[in-house]
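**Student:**
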Ligand SMILES: [Zn+2]
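Numbering (mature numbering (1 follows the signal peptide of the UniProt record, and there is no 0)), first residue to last: -24 to -1, 1 to 268.
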């Protein structure tokens, strides 16, 4: 009995240590919760095997989206843990879905909707508003060389966004050893894109996400940034294949962004781990509300 208690304590301590300093509150991720062992097991299986097409083309598993989901659910616990399943069940209840605690594409669509709603550029598009004009040149500021990624030179960003970006990078360097040790991480490989040049580039490369993107990219606002968050050797910095995005989502840099970019006014685009949009004046957006 005593030995069992001791082992439980050791297990709990290990979980807290592994979860790291980011989780200030002790969270006992391997604690068993009645009725959620089964869902946890099911999630652990589908995490790598579910065949689905959340963004139009087929992918397998949903690990790429786990950091964003954990942030939304207010837990650092793994996707195959009972705690995660319980939080997911609460989320499903709150959004009028069957409260199974089991991940499924319908539940993901709710997450995706919430994330998209935080992007004013996308919401304007949903409301069929005309594409926003690019900012006047005097509102744009120049990146310094160390902020530009070598793969694709980009020079400009709206000044206020550039300042927010600089504050964010300074915080990331202070808080994430991986970023402190690698100046390439969080460099910008696309900032402000002149709409005319963008349309030409897209036509020339044959790489347009439909005509719409060519005509109206969020990068025309000077508030969207593509940040280097690592890459699979041999694949591009903005390669959208599932293995590429999975690799990026596993990195400490992306995970830090998911938890912290909101402090600096940036919101994610779930499909592209590198693409962030600045949405708020000084410290406005602070992430999703904590779970009740
Ligand atoms: Zn982008």
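Glycine included, every Cβ here is placed at the ideal spot set by N, Cα and C.
Since the model is a prediction, treat every value here as computed from it, not as a measurement.
Hey, residue 132 and residue 168: beta-carbon distance below 8 Å or not?
**Tutor:** Here residue 132 is taken as the residue at index 156 of the chain shown, counted from 1. Here residue 168 is taken as the residue at index 192 of the chain shown, counted from 1. Yes, these two residues count as a Cβ contact at 8 Å.
**Student:** Can you tell me whether residue 253 is buried or exposed, with buried defined as 16 or more other CB within 10 angstroms of its CB?
**Tutor:** Counted from its first residue, the chain shown places residue 253 at position 277. When all chains shown are included, residue 253 counts as buried.
**Student:** Give the DSSP-derived three-state secondary structure of residue 55 in the structure shown.
**Tutor:** Taking the chain shown and counting its residues from 1, the one referred to as residue 55 is at position 79. Coil at residue 55, not helix or strand.
**Student:** With DSSP collapsed to three states, give me the class of residue 149.
**Tutor:** Working through the chain shown from its first residue, we reach residue 149 at position 173. The three-state secondary structure of residue 149, taken from DSSP, is helix.
**Student:** DSSP beta-bridge partners for residue 156?
**Tutor:** As a first step, residue 156 must be located in the chain shown, where it is residue number 180. DSSP, once it has assigned bridges, lists no residue as partnering residue 156.
**Student:** Using DSSP with H/G/I as helix, E/B as strand and the rest coil, what is residue 254?
**Tutor:** Position 278 of the chain shown holds residue 254. Correct three-state label for residue 254: strand.
**Student:** Please return the same chain residues whose Cβ sits closer than 6 Å to the Cβ of residue 240, not counting the five positions on each side in sequence.
**Tutor:** Counting from one through the chain shown, the residue named residue 240 turns up at place 264. Around residue 240: 140, 143 and 144.
**Student:** Using 10 angstroms around the beta-carbon of residue 231, count the other beta-carbons present and answer buried if the total reaches 16, otherwise exposed.
**Tutor:** Residue 231 sits at position 255 when you count from the first residue of the chain shown. The residue in question, residue 231, is buried, as its Cβ has 16 or more Cβ neighbours within 10 Å.
**Student:** Tell me whether residue 166, by its Cβ, gets closer than 7 Å to a heavy atom of ligand 1.
**Tutor:** In the chain shown, the residue the question calls residue 166 occupies position 190. Yes.
**Student:** So who's on the other strand from residue 142, going by DSSP bridges?
**Tutor:** Translated into the one-based positions of the chain shown, residue 142 becomes position 166. Beta-bridge pairing links residue 142 to no other residue.
**Student:** For ligand 3, I want to know if residue 125 counts as a neighbour, meaning its beta carbon is within less than 7 Å of at least one of the ligand's heavy atoms.
**Tutor:** Ligand 3 is not part of this structure, which contains only ligand 1.
**Student:** Which of helix, strand or coil does DSSP assign to residue 38?
**Tutor:** Numbered from its first residue, the chain shown carries residue 38 at position 62. In the structure shown, residue 38 sits in coil (DSSP, three-state: anything other than H, G, I, E or B).
**Student:** Name the residue from 210, 214 and 205 whose alpha carbon lies nearest to the alpha carbon of residue 228.
**Tutor:** Looking up residue 228 in the chain shown gives position 252. The option with the nearest alpha carbon to residue 228 is 205.
**Student:** Can you find the residues in the same chain that come closer than 7 Å, C-beta to C-beta, to residue 219, ignoring five residues on each side of it along the sequence?
**Tutor:** Here residue 219 is taken as the residue at index 243 of the chain shown, counted from 1. Cβ-Cβ distances below 7 Å link residue 219 to 208 in the same chain, with the five nearest sequence neighbours on each side left out; the list follows chain order.
**Student:** Under the DSSP definition of a beta bridge, which residues are partnered with residue 28?
**Tutor:** Here residue 28 is taken as the residue at index 52 of the chain shown, counted from 1. Bridge partners of residue 28: 35.
**Student:** Nearest-angstrom Cα distance between residue 162 and residue 114?
**Tutor:** Locating residue 162 in the chain shown gives position 186, counting from the first residue. Locating residue 114 in the chain shown gives position 138, counting from the first residue. Taking the straight line from one Cα to the other gives about 25 Å.
**Student:** Let me make sure I understand the geometry here. Which of 147, 118, 79 and 74 has the alpha-carbon closest to that of residue 237?
**Tutor:** For the purposes of this step, residue 237 is taken as residue 261 along the chain shown, with counting starting at 1. Out of 147, 118, 79 and 74, 147 has the C-alpha closest to the C-alpha of residue 237.
**Student:** Pick from 101, 14, 210 and 46: whose alpha carbon is nearest that of residue 193?
**Tutor:** As a first step, residue 193 is located in the chain shown; it is residue number 217 there, counting from the start. If we check each option's Cα against that of residue 193, 101 comes out closest.
**Student:** With a cut-off of 8 Å on the beta carbons, I'd call residue 23 and residue 37 a contact; round off their distance for me.
**Tutor:** Residue mapping note: residue 23 aligns to position 47 of the chain shown, counting from 1. Residue mapping note: residue 37 aligns to position 61 of the chain shown, counting from 1. Residue 23 to residue 37, Cβ: 5 Å. Contact.
**Student:** Between the C-alpha atoms of residue 89 and residue 180, what's the straight-line distance to the nearest angstrom?
**Tutor:** On the chain shown, residue 89 is found 113 positions in, with the first residue counted as 1. On the chain shown, residue 180 is found 204 positions in, with the first residue counted as 1. About 32 Å.
**Student:** Using only the alpha-carbon positions, how far apart do residue 256 and residue 35 sit?
**Tutor:** Position 280 of the chain shown, counted from the start, is the residue given in the question as residue 256. Position 59 of the chain shown, counted from the start, is the residue given in the question as residue 35. Rounded to whole angstroms, residue 256 to residue 35 spans 32 Å at the Cα level.
**Student:** What separation, rounded to the nearest whole angstrom, lies between the Cα atoms of residue 248 and residue 221?
**Tutor:** As a first step, residue 248 must be located in the chain shown, where it is residue number 272. As a first step, residue 221 must be located in the chain shown, where it is residue number 245. If you take the alpha carbons of residue 248 and residue 221, they lie about 7 Å apart.
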